[in-house]
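Working notes, beginning with the structure itself.
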Amino acid sequence: MSNNSNYDLETKIIHWGHKPDPTTGALSSPIYQTATFAAKTVEHFEELCQTWGYVYSRECNPTLTELESKLAMLEGGESAIVSASGMGAIASTILALVKSGDHVISSDGIFSHTKILISELLSKFDVDITFVQAQNSENVKKALKPNTKLVYIESPLNPSLDMVDIKKIAELAHENKSLLIVDGTFATPIIQQPIKLGADLVVHSLTKFINGHGDTLGGAVIGSKELIELVRWPSLCCFTGAALHPISAWMILRGINTLDMRVRKHCDNALQLAEFLSENDNIEFVKYPALKSHLQYDLCKKQMNGLGGGIVTFKLKDGINGVIRDKASRDLINSLELATIATSLGEQHTLIQMNGDNLIRVAVGLESAQDIINDFKQALSKINNTLRTY
0 MSNNSNYDLE TKIIHWGHKP DPTTGALSSP IYQTATFAAK TVEHFEELCQ
50 TWGYVYSREC NPTLTELESK LAMLEGGESA IVSASGMGAI ASTILALVKS
100 GDHVISSDGI FSHTKILISE LLSKFDVDIT FVQAQNSENV KKALKPNTKL
150 VYIESPLNPS LDMVDIKKIA ELAHENKSLL IVDGTFATPI IQQPIKLGAD
200 LVVHSLTKFI NGHGDTLGGA VIGSKELIEL VRWPSLCCFT GAALHPISAW
250 MILRGINTLD MRVRKHCDNA LQLAEFLSEN DNIEFVKYPA LKSHLQYDLC
300 KKQMNGLGGG IVTFKLKDGI NGVIRDKASR DLINSLELAT IATSLGEQHT
350 LIQMNGDNLI RVAVGLESAQ DIINDFKQAL SKINNTLRTY
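According to numbering that gives the first Met the number 0, the sequence shown is numbered sequentially starting from 0.
Here you go:
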């Protein structure tokens, strides 16, 4: 099938960049499980090296090419490059674009490992760094400097689920001749497409919703051909070497085929859970972008098409029946029977974890929404009964 832009997204997700194998007719894309590729002549080898032909899998591989084509289509970018993990994509991107003496602005409250990369690694290279509460775009505006190379944001933020107005931040960054990078992992391109809102680059942990099965790692960056080529060479190939394994690329391609229906199911389940939790007297607050009680609900409707994503966060009240919040939170999580205590998100299982400030993050899975709610109902009931004995 040709890359027909007139097809609906559900069709393009399956067919874009995909063709049956020309040799065997195999409908499922082959896994090109090879480190190196043969050239016909010395001259052919030289041509391949100069034109990004298939020479070495750390640099280019047909399985990865199909995945990159599909990701670029999903995000509305010109090009994409995949990597061995989300952090591999983020590191390769930032190292490609930033040099000593540059200034970087980052939204505070981002994924902890990304914050370590920005605050600790870049500082070793004499890069000036400013973290701001980017939920208020005025904070970004005040932090911009003549040497601000890029602004880095997540929306929704991990794990707070606060939102950043991508369009406003893009306008501010571009007025300052700075680049905007958006981590779109939580939303996925089914919900939100940052490039169409003005972002220059979008990064993803493919490990999460885009793969969707919790069985492999991967990362990606999508944007203009010019910027992606800067990340491709020499950054990803030489600075980080974070090449994606062909088997992982194939597994992620398998996951993308069901991305649209999976994400919508995650969103539906998460909204139902968030609404249930909001009605419980022992819960101090629930955060979910598609809840009308979320302070940025209107931005969710505009920026995320009214879909809240697959993550819900909440915090128990402190001092329930005289018990401190940390104890109650631990007992609640330990009482769950269906949800699994684990990191990550975006897979079929409902996963739960607690941050140091007793913020509970639920990565809502694909099980029956009622079964998920019933699990939390029994755990809340059990913890309430247990607390009454103290």
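Ideal Cβ placement from N, Cα and C applies to all residues, glycine included.
Rounding to the nearest angstrom, what Cα-Cα distance links residue i and residue j in this structure?
i      : j      : result
ASN5   : LYS326 : 55 angstroms
GLY87  : GLY222 : 16 angstroms
THR206 : MET353 : 20 angstroms
PRO193 : ASP161 : 16 angstroms
LEU337 : THR349 : 8 angstroms
LEU290 : ALA273 : 7 angstroms
THR388 : ASP317 : Model confidence at THR388 stands at a pLDDT of 47, short of 50, so the residue's coordinates are unreliable; what they give is reported in the following sentence. Taking the straight line from one Cα to the other gives about 16 angstroms.
THR312 : VAL361 : 6 angstroms
GLY364 : ASN373 : 14 angstroms
LEU196 : GLY75  : 11 angstroms
THR40  : ASN256 : 38 angstroms
TYR53  : ASN175 : 39 angstroms
ASN390 : ASN210 : What the structure shows of the chain is the stretch from 0 to 389, and residue 390 is not part of that stretch, so it cannot be assessed.
ASP125 : LEU235 : 21 angstroms
MET150 : GLY108 : One detail in the question is off: residue 150 reads as Val in this sequence, not Met. About 14 angstroms.
LYS376 : THR339 : 15 angstroms
GLN32  : LYS301 : 43 angstroms
ILE93  : THR64  : 22 angstroms
HIS265 : GLY308 : 7 angstroms
GLY24  : HIS17  : 12 angstroms
TYR287 : PRO233 : 40 angstroms
THR22  : SER99  : 50 angstroms
GLU366 : GLN347 : 7 angstroms
LEU173 : LYS166 : A small fix is needed here, since residue 173 is His in this sequence, not Leu. Distance between the alpha carbons of HIS173 and LYS166 is about 11 angstroms.
ALA95  : SER68  : 21 angstroms
VAL285 : ILE310 : 11 angstroms
VAL190 : GLN271 : For the record, residue 190 in the displayed sequence is Ile; it is not Val. Their backbone Cα atoms lie some 18 angstroms apart in a straight line.
ALA241 : SER27  : 26 angstroms
ASP182 : LEU200 : 9 angstroms
Quick check on the burial criterion: 16 or more other C-beta atoms within 10 angstroms. Buried or exposed for residue i?
i      : result
CYS48  : exposed
GLU153 : buried
ASN146 : exposed
ASN135 : exposed
HIS203 : buried
ALA34  : exposed
TRP15  : buried
HIS43  : exposed
ILE323 : exposed
ARG261 : buried
ALA169 : buried
GLU278 : exposed
PRO188 : buried
SER292 : exposed
ALA37  : exposed
ALA184 : Ala is not the amino acid found at residue 184; the sequence shown has Thr there. With 16 or more other Cβ atoms within 10 Å, it is buried.
GLN369 : exposed
ASN3   : exposed
GLY355 : exposed
Between which two residues does the alpha helix (DSSP H) holding residue i run?
i      : result
HIS14  : 8-14
ALA142 : 136-142
ALA327 : 324-334
THR187 : 187-190
LEU149 : First-last for LEU149: 147-153, but that is the beta strand (DSSP E), not the alpha helix (DSSP H).
LYS166 : 165-174
PHE44  : 41-49
Can you list, in chain order, the residues of its chain with a C-beta nearer than 6 angstroms to that of residue i? Leave out the 5 residues immediately preceding and following it.
i      : result
SER84  : LEU216, GLY218
HIS102 : ASP127, LYS144, ASN146, THR147
ARG231 : ILE80
ILE227 : SER78, ILE80
SER56  : ALA34
LEU229 : ALA95
Between which two residues does the beta strand (DSSP E) carrying residue i extend?
i      : result
HIS244 : First-last for HIS244: undefined, no H or E at that position.
SER204 : 200-204
LEU179 : 178-182
Hey, does residue i have any beta-carbon neighbour from chain C nearer than 8 angstroms?
i     : result
THR64 : Within the model displayed, chain C is absent; a lone protein chain is all it includes.
Can you find the residues in the same chain that come closer than 7 angstroms, C-beta to C-beta, to residue i, ignoring five residues on each side of it along the sequence?
i      : result
ALA378 : LEU331, SER334, LEU335
LEU66  : VAL81, ALA248, ILE251, LEU252
LEU8   : ASP259
SER118 : ILE128
VAL139 : ILE104, VAL131, ALA133, VAL150, ILE168, LEU171
Leaving aside the five residues before and after residue i along the sequence, list all residues of the same chain whose C-beta is less than 8 angstroms from its C-beta, in chain order.
i      : result
SER343 : THR206, LYS207, GLY213, LEU350, ALA362
LEU315 : ASN281, ILE282, GLU283, ARG324, ALA327, SER328, LEU331, ASN357, ILE359
GLN295 : GLN134, ASP161, MET162, PRO288
LEU121 : ILE93, VAL97, VAL103, ILE128
Completely contained alpha helix (DSSP H) runs for the region 69-128, where each covers 4 or more residues: You should have 85-96, 111-115.
Which complete beta strand (DSSP E) runs does the region 338-370 hold, if anything under 3 residues is left out? Segments of the beta strand (DSSP E) lying fully in the region 338-370: 350-353, 359-362.
At 4 residues or longer, what runs of the alpha helix (DSSP H) sit wholly inside the region 258-320? With a minimum length of 4 residues, the continuous alpha helix (DSSP H) runs that stay inside the region 258-320 are 258-277, 296-302.
For a minimum of 3 consecutive residues, which ranges assigned as the beta strand (DSSP E) are wholly contained in the region 203-233? Runs found: 218-222.
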